[in-house]
Amino acid sequence: MNKNLTTKRKIIIDVDTGTDDAMALILAILSKEFEILGITVVHGNQPLPFTLENTLRVVQFMGADIPVYAGCPAPMVQTLTPGRMKNQRLQVFEKTVDGKKINIHDEHLPLPAAHIMAEEKHAVSFLIETLEQAKEKITVVSVGPPTNLGMALRMKPEITKNIEEIIIMGGGVRRVNRTSAAEMNFYMDPEASEILIQADVRKVILPLDATTSALFTRDDAAKIAALGTPHAVFFASLITEFIERLTILGFSNNDNSADRAIAIHDALCILYLLDPSLVTDLRRETCDVDFFGGYADGALIVDSRSAYEKRGQNYVAYHVDKERVMEMLSERLAIPAATV
Ligand code: RIB
Ligand code: CA
Numbered sequence: 002m003n004k005n006l007t008t009k010r011k012i013i014i015d016v017d018t019g020t021d022d023a024m025a026l027i028l029a030i031l032s033k034e035f036e037i038l039g040i041t042v043v044h045g046n047q048p049l050p051f052t053l054e055n056t057l058r059v060v061q062f063m064g065a066d067i068p069v070y071a072g073c074p075a076p077m078v079q080t081l082t083p084g085r086m087k088n089q090r091l092q093v094f095e096k097t098v099d100g101k102k103i104n105i106h107d108e109h110l111p112l113p114a115a116h117i118m119a120e121e122k123h124a125v126s127f128l129i130e131t132l133e134q135a136k137e138k139i140t141v142v143s144v145g146p147p148t149n150l151g152m153a154l155r156m157k158p159e160i161t162k163n164i165e166e167i168i169i170m171g172g173g174v175r176r177v178n179r180t181s182a183a184e185m186n187f188y189m190d191p192e193a194s195e196i197l198i199q200a201d202v203r204k205v206i207l208p209l210d211a212t213t214s215a216l217f218t219r220d221d222a223a224k225i226a227a228l229g230t231p232h233a234v235f236f237a238s239l240i241t242e243f244i245e246r247l248t249i250l251g252f253s254n255n256d257n258s259a260d261r262a263i264a265i266h267d268a269l270c271i272l273y274l275l276d277p278s279l280v281t282d283l284r285r286e287t288c289d290v291d292f293f294g295g296y297a298d299g300a301l302i303v304d305s306r307s308a309y310e311k312r313g314q315n316y317v318a319y320h321v322d323k324e325r326v327m328e329m330l331s332e333r334l335a336i337p338a339a340t341v
């Protein structure tokens, strides 16, 4: 075996491809440090047929040969309780402007329709079989509602023995977006989120507190587009498109709403794997996700009482270094896809 061959980090990415999931997939595909064993798709930003099509479009656009698995089309149990969500202060994610439906994440990404197909096997079966049979540990990246992972962990909890760690975009300690208490991913399947959070494996959580500590502007998008590769230009267009939509929908990730800028949420999970130092504030926390269907449904609860010893294996990020993120984006998005 050639000693110079560095072993690649085996990863599985679970997505609900929308805009920032696409950014994460592009960065993961471009990173030769990874062997992507599979991409599992879940409901979330859009219904599963759309998140699946968008995922296939990104893989096709990048010319990658990575198996894609369709997963759960709905949360484990959340929608079974009549009226569970009627009291929650839901953030408007969609508006009709001049007769046109504007959503944060469109049904279709502006890429050619996919002609590649998803695998026959269900995403949850793929997760269980791959993790059960793994000869070396696998890192899992979760950037959508964690229904697929929750189901896999419920069916075979022992799969955690072959997981290196799980990097999760989800939750919000001081910052939320879907309701007055919860972030989108955890809100869309509170039960699965709590199963994930309590799993017996190291988890690094990048909540909105971390992801909104690095906001990207039109100027940043212009710098990225100037890199000139097709995926850099596309990545930049996703940023500017995200800014447009947030402006139309009337809310922003930053306090000064006049200075429109967006968080690239999911993409940070991939960049964190490539350089953990970009997270400048990471703390072990005792965490839970509320799933009782009240105002706090789906809320990430961090026990800040210092008198209590920490429980569980959850490490929560509170801040990322934007300059380091921008540096990595400039390095990585300049790489021609064909060389990967
Ligand atoms: O709250 C942000 C998360 O919700 C991201 O994963 C985004 O893609 C949406 O799914
Ligand atoms: Ca996502």
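Residue numbers (my numbering): 2 to 341. Don't be surprised by glycine CBs; every beta carbon is placed ideally from N, CA and C.
Residues bridged to residue i [DSSP beta-bridge criterion]
i, result
"alanine 71", "Val42"
"alanine 264", "Leu216"
"phenylalanine 35", "Arg10"
"glutamate 95", "Asn104"
"isoleucine 1", "Given a span of 2 to 341 for the chain in the structure shown, any question on residue 1 remains unanswerable."
"leucine 207", "Met170"
"serine 143", "Asp15, Ile169"
"tyrosine 316", "Val205, Arg285"
Contact under 8 Å by Cβ, residue i with residue j
i, j, result
"alanine 211", "lysine 323", "no"
"methionine 86", "valine 125", "no"
"leucine 275", "methionine 327", "no"
"leucine 31", "valine 16", "no"
"tyrosine 70", "lysine 11", "no"
"leucine 250", "valine 321", "no"
"leucine 81", "leucine 150", "no"
"aspartate 267", "methionine 170", "yes"
"arginine 155", "threonine 213", "no"
"proline 68", "glutamate 137", "no"
"alanine 193", "threonine 161", "no"
"isoleucine 263", "phenylalanine 217", "yes"
Status (buried if at least 16 other CB within 10 Å, exposed otherwise) for residue i
i, result
"proline 208", "buried"
"isoleucine 265", "buried"
"asparagine 55", "buried"
"valine 98", "exposed"
"alanine 222", "buried"
"valine 93", "exposed"
"glutamine 89", "buried"
"arginine 58", "buried"
"valine 195", "Residue 195 is actually glutamate in this sequence, not valine. Classification of glutamate 195: buried, given that the 10 Å Cβ count is 16 or more."
"methionine 63", "buried"
Min CB distance residue i to chain C below 8 Å
i, result
"phenylalanine 127", "Note that chain C does not occur in the displayed structure, where there is just one protein chain."
With contact counted as at least three CB pairs below 8 Å, one residue from each stretch, are the stretch 20-27 and the stretch 144-159 in contact?
-> yes
Taking contact to mean at least 3 C-beta pairs separated by less than 8 Å, is the stretch 311-318 in contact with the stretch 195-203?
-> yes
Can we say the stretch 95-108 touches the stretch 44-62, given the rule of at least three CB pairs closer than 8 Å?
-> yes
So does the stretch 122-129 actually touch the stretch 75-87, counting three or more Cβ pairs closer than 8 Å?
-> no
Decide yes or no for the touch test of the stretch 285-296 against the stretch 180-193: beta carbon pairs closer than 8 Å, at least 3 of them.
-> yes
Quick one, what's near ligand 2 if you take every residue whose CB is closer than 5 Å to any heavy atom, in chain order?
-> Asp17, Asp22, Val144, Gly145, Asp267
Does the stretch 221-231 come close enough to the stretch 189-198 that 3 or more CB-CB pairs lie under 8 Å?
-> no
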